[in-house]
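Under our numbering, the letters of the sequence shown match residues 3 to 75, in that order. As structure tokens, the structure follows; a few thoughts come after it.
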Amino acid sequence: MMDVGKKELLKMRIDPAMKQFLLYLDESNALGKKFIIQDLDETHVFVLAELVNFLQERVGELMDQNSFPITQK
């Protein structure tokens, strides 16, 4: 586990596929620094609370990329 001093942490419950996306972002330093403090199990991680809003934006971008508009007839 990484030493985070007195930074606020958040325990996230996510599905395994989303966890893999977050692990990828963390390993590639996509946010400029590591944000996953501890990988707890298949569906839980501790992250830096200060980056949660940015993580939500990145997840939203991923969802937008994987969504297709419904065409009307």
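The beta carbon of each residue, even a glycine, is placed where N, CA and C say it ideally should be.
Bounding residues of the beta strand (DSSP E) (the contiguous stretch that carries residue i)
i	result
residue 41	38-43
residue 11	11-15
Proximal residues to residue i (C-beta, below 7 Å), its chain only, five neighbours per side dropped
i	result
residue 33	27, 53, 56
Beta carbon proximity, residue i to chain B, threshold 7 Å
i	result
residue 46	Here there is only one protein chain, and chain B is not present.
6 Å Cβ shell around residue i - same chain, five flanking residues per side excluded
i	result
residue 44	18
residue 70	none
Proximity of residue i and residue j at Cβ, strictly below 7 Å
i	j	result
residue 24	residue 51	no
residue 40	residue 48	yes
N-terminal and C-terminal residue of the alpha helix (DSSP H) that residue i is part of
i	result
residue 64	54-67
residue 19	18-29
Per-residue DSSP class, three states only, for residue i
i	result
residue 50	strand
Same chain, Cβ closer than 8 Å to residue i, five either side skipped, listed in chain order
i	result
residue 64	23
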